[in-house]
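At position 224 of the sequence shown the residue is numbered 224 (UniProt numbering), and the sequence of numbers has no breaks.
Notes follow the structure.
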Amino acid sequence: MKPINLEALIGGSRDPCEPAILSPDCGWSLMDLIKAGSCAALELAVHVGVVAICCRDPMRMVVALVALDGRVDRLILLANDLDRVTIEELLERSGARILVTDREDLDDFAPAIRWRGEVEPVRSARFALGEPDRLTIWTFATSGTTGAPKLVEHDIISLSRPLRAEHAWRWGQMYEMARFAGVQVFLQAMAKGVLILPHSRWPLKDKVAFIATNGGNAISATPTLWRKMLMTPEAATLQLHQATLGGEIADAPVLATIAARYPSARVTHVYASTEAGASFAVNDGLPGFPAAMLDIRGSGPCLRIRDGRLFIQSARGRRTYVGTNIAFSDDEGFVDTGDLVERVGERCYFKGRANGVINVGGDKVYPQEVEAVLLAHPDVALARIFAASSPITGQMVSAEIMMREEVGDRTVMTRKLHAYCAERLPRWKCPVIIRLVREIAANSGEKMSRAK
Numbered sequence: 001m002k003p004i005n006l007e008a009l010i011g012g013s014r015d016p017c018e019p020a021i022l023s024p025d026c027g028w029s030l031m032d033l034i035k036a037g038s039c040a041a042l043e044l045a046v047h048v049g050v051v052a053i054c055c056r057d058p059m060r061m062v063v064a065l066v067a068l069d070g071r072v073d074r075l076i077l078l079a080n081d082l083d084r085v086t087i088e089e090l091l092e093r094s095g096a097r098i099l100v101t102d103r104e105d106l107d108d109f110a111p112a113i114r115w116r117g118e119v120e121p122v123r124s125a126r127f128a129l130g131e132p133d134r135l136t137i138w139t140f141a142t143s144g145t146t147g148a149p150k151l152v153e154h155d156i157i158s159l160s161r162p163l164r165a166e167h168a169w170r171w172g173q174m175y176e177m178a179r180f181a182g183v184q185v186f187l188q189a190m191a192k193g194v195l196i197l198p199h200s201r202w203p204l205k206d207k208v209a210f211i212a213t214n215g216g217n218a219i220s221a222t223p224t225l226w227r228k229m230l231m232t233p234e235a236a237t238l239q240l241h242q243a244t245l246g247g248e249i250a251d252a253p254v255l256a257t258i259a260a261r262y263p264s265a266r267v268t269h270v271y272a273s274t275e276a277g278a279s280f281a282v283n284d285g286l287p288g289f290p291a292a293m294l295d296i297r298g299s300g301p302c303l304r305i306r307d308g309r310l311f312i313q314s315a316r317g318r319r320t321y322v323g324t325n326i327a328f329s330d331d332e333g334f335v336d337t338g339d340l341v342e343r344v345g346e347r348c349y350f351k352g353r354a355n356g357v358i359n360v361g362g363d364k365v366y367p368q369e370v371e372a373v374l375l376a377h378p379d380v381a382l383a384r385i386f387a388a389s390s391p392i393t394g395q396m397v398s399a400e401i402m403m404r405e406e407v408g409d410r411t412v413m414t415r416k417l418h419a420y421c422a423e424r425l426p427r428w429k430c431p432v433i434i435r436l437v438r439e440i441a442a443n444s445g446e447k448m449s450r451a452k
């Protein structure tokens with residue numbers, strides 16, 4: 001039997017000549033992607049066996065995935081913001097024999113294939129990549145919000161298992177194509193709809209405008225990115241039928257804001273991680289998930305709460321991070337997500353990451369709880385809570401806050417925010433340091449970084 005691969009998966013669900021991707025330069029069909037894959041860089045890579053890809057141009061990443069899946073033993077997908085040292089460490093751990101890249105800062109990286117020139121959608125094939133003859137292992141780096149990235153294995157079967165091609169939506173890609181979430185959006189669009197793919201280097205407002213101009217009606221993003229998008233004037237031009245949130249806690253205010261801005265959209269909070277894969281979705285517009293979803297077997301991944309932490313059962317059994325002996329699931333396949341969950345009646349609520357808790361003299365502070373208080377302030381657009389060192393309490397709560405409008409007297413506003421928190425939070429949860437910033441950066445997974 002011919003092994004399943006990305007090219008066959010897409011081709012089995014759509015006409016290979018119909019539009020599948022809209023890039024800033026042109027439209028692409030599956031046939032265009034296949035032809036573009038017959039370039040010199042990928043012709044060399046297909047003979048290597050274990051290939052890493054790190055490209056700033058998201059179309060190069062798409063073309064490489066279609067060309068190499070089923071033709072190499074392993075693909076290592078690396079986000080384009082990773083620094084050289086981290087890339088070297090991940091390549092050593094993964095056993096990659098070559099790096100395919102368009103990054104000029106990696107020109108002297110060895111061994112590497114430099115992918116230069118235009119990526120063309122229609123061309124005569126110069127090289128024969130050969131028929132797909134194996135099940136390729138896809139290796140993803142975790143987002144590394146609280147530590148160094150780790151490597152996790154998947155394949156096209158596990159990646160495509162949760163896909164639901166209910167509607168031929170036009171998905172706007174807001175994630176990095178090398179990330180697990182980015183590949184999920186890509187596969188969802190390829191199953192039936194169209195992927196609208198802005199350039200990764202564009203400012204956020206230009207990405208939103210490009211998606212809106214091209215009729216994008218479905219977007220998946222982290223709550224952090226949704227808050228940033230909703231601040232752009234271009235967000236008002238979107239006509240959404242599907243708004244998906246994932247990667248972070250989706251609290252009531254952000255869910256309600258999206259629902260109010262896009263009344264025709266279904267608002268969905270999905271839970272997925274690089275380790276556990278795509279696990280479950282909640283469509284009722286409320287934070288958390290129904291307790292009735294716990295300990296159900298047979299209809300999807302089994303959810304379980306142990307000692308206040310969420311565990312999700314994977315069908316793949318015990319798994320370890322690539323290149324290490326560190327297991328992230330037990331013998332039954334349960335993955336410790338690291339997310340702290342509290343059951344209140346018939347609802348389960350996310351409290352935060354276990355490794356993100358701030359310890360203030362023995363008292364625990366969940367950053368997301370403090371952020372929720374700050375985000376309820378009418379003038380606050382975005383807030384980031386993180387730990388800073390304290391000689392007295394060990395750690396103290398610090399805050400970076402992005403205001404909705406320019407502040408006149410920043411000192412006065414800072415004092416007001418201190419007083420606002422003091423009225424609503426116990427003393428140890430109040431930010432000791434508050435800095436007003438123009439921008440709060442996220443990593444390439446578009447998640448809030450908890451690093452100092």
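Yeah, the Cβ is synthetic: ideal placement off N, Cα and C, and Gly gets one too.
Source: prediction; values computed, not measured.
Outcome for residue i when other beta-carbon atoms lying within 10 angstroms are tallied against a minimum of 16
{"i": "THR224", "result": "buried"}
{"i": "ILE87", "result": "buried"}
{"i": "GLU7", "result": "buried"}
{"i": "LEU382", "result": "buried"}
{"i": "MET1", "result": "Low per-residue confidence applies at MET1: pLDDT is 44, beneath 50, and the placement is therefore not dependable, though the value from the model is reported in the following sentence. Looking at its Cβ environment, which holds fewer than 16 other Cβ atoms inside 10 Å, MET1 is exposed."}
{"i": "ASN355", "result": "exposed"}
{"i": "GLY394", "result": "exposed"}
{"i": "PRO132", "result": "buried"}
{"i": "PRO149", "result": "buried"}
{"i": "TRP115", "result": "buried"}
{"i": "TRP202", "result": "exposed"}
{"i": "CYS26", "result": "exposed"}
{"i": "THR268", "result": "buried"}
{"i": "VAL85", "result": "exposed"}
{"i": "ILE326", "result": "exposed"}
{"i": "SER264", "result": "exposed"}
{"i": "VAL437", "result": "exposed"}
{"i": "PRO378", "result": "exposed"}
{"i": "ASN283", "result": "exposed"}
{"i": "GLU346", "result": "exposed"}
{"i": "ALA451", "result": "exposed"}
{"i": "ILE113", "result": "buried"}
{"i": "ARG410", "result": "exposed"}
{"i": "ARG306", "result": "exposed"}
C-alpha distance - residue i paired with residue j, whole-angstrom precision
{"i": "ILE385", "j": "TRP171", "result": "31 Å"}
{"i": "GLU406", "j": "THR232", "result": "15 Å"}
{"i": "VAL373", "j": "PRO426", "result": "12 Å"}
{"i": "SER158", "j": "GLN239", "result": "31 Å"}
{"i": "GLU234", "j": "LEU44", "result": "42 Å"}
{"i": "GLY182", "j": "ILE219", "result": "11 Å"}
{"i": "ASP331", "j": "PRO301", "result": "15 Å"}
{"i": "residue 481", "j": "ALA442", "result": "With the chain covering 1 to 452 only, the question about residue 481 has no answer from this structure."}
{"i": "LEU340", "j": "ARG353", "result": "6 Å"}
{"i": "ILE434", "j": "ALA20", "result": "46 Å"}
{"i": "ALA260", "j": "ILE53", "result": "40 Å"}
{"i": "GLN257", "j": "GLU248", "result": "The sequence given here has Thr at residue 257, not Gln. About 16 Å."}
{"i": "ASN359", "j": "MET396", "result": "8 Å"}
{"i": "LEU78", "j": "GLU439", "result": "25 Å"}
Proximity of residue i and residue j at Cβ, strictly below 9 Å
{"i": "ALA376", "j": "VAL432", "result": "no"}
{"i": "MET177", "j": "VAL62", "result": "yes"}
{"i": "ASP69", "j": "ILE196", "result": "no"}
{"i": "ARG343", "j": "ALA276", "result": "no"}
{"i": "ALA141", "j": "THR274", "result": "yes"}
{"i": "ASP105", "j": "ASP57", "result": "no"}
{"i": "PRO111", "j": "LEU99", "result": "yes"}
{"i": "VAL51", "j": "LEU90", "result": "no"}
{"i": "ALA243", "j": "TYR262", "result": "yes"}
{"i": "PHE334", "j": "GLN313", "result": "yes"}
{"i": "ARG161", "j": "ALA278", "result": "yes"}
{"i": "CYS55", "j": "ALA67", "result": "no"}
{"i": "GLY445", "j": "SER94", "result": "no"}
{"i": "VAL119", "j": "MET190", "result": "no"}
{"i": "THR237", "j": "VAL194", "result": "no"}
Anticipated Cβ contact below 8 Å, residue i with residue j, distance rounded
{"i": "ASP73", "j": "ILE137", "result": "7 Å"}
{"i": "ALA272", "j": "GLN184", "result": "7 Å"}
{"i": "GLY11", "j": "LEU30", "result": "6 Å"}
{"i": "VAL48", "j": "ARG97", "result": "5 Å"}
{"i": "PRO287", "j": "TYR349", "result": "6 Å"}
{"i": "ASP32", "j": "PRO121", "result": "4 Å"}
Query - Ordered list of beta strand (DSSP E) runs contained in the stretch 271 to 319, each at least 3 residues - result: 277 to 282, 303 to 306, 309 to 313
**Report entry** Complete runs of the beta strand (DSSP E) confined to the stretch 207 to 231 [at least 3 residues]
**Finding:** 218 to 221
**Report entry** alpha helix (DSSP H) runs contained entirely in the stretch 48 to 125, provided each spans 4 or more residues
**Finding:** 58 to 68, 84 to 94
**Report entry** Sequence ranges, beta strand (DSSP E) only - wholly within the stretch 129 to 201, length at least 3
**Finding:** 137 to 141, 151 to 155, 170 to 172, 194 to 196
Report task. Output the residue ranges of the beta strand (DSSP E) runs that lie fully inside the UniProt domain "AMP-binding enzyme C-terminal" (369 to 441) and measure 3 residues or longer, sorted by chain position. Result -> 380 to 390, 394 to 403, 433 to 436
Query - Uninterrupted beta strand (DSSP E) stretches inside the stretch 7 to 35 (no shorter than 3 residues) - result: 19 to 22, 27 to 29
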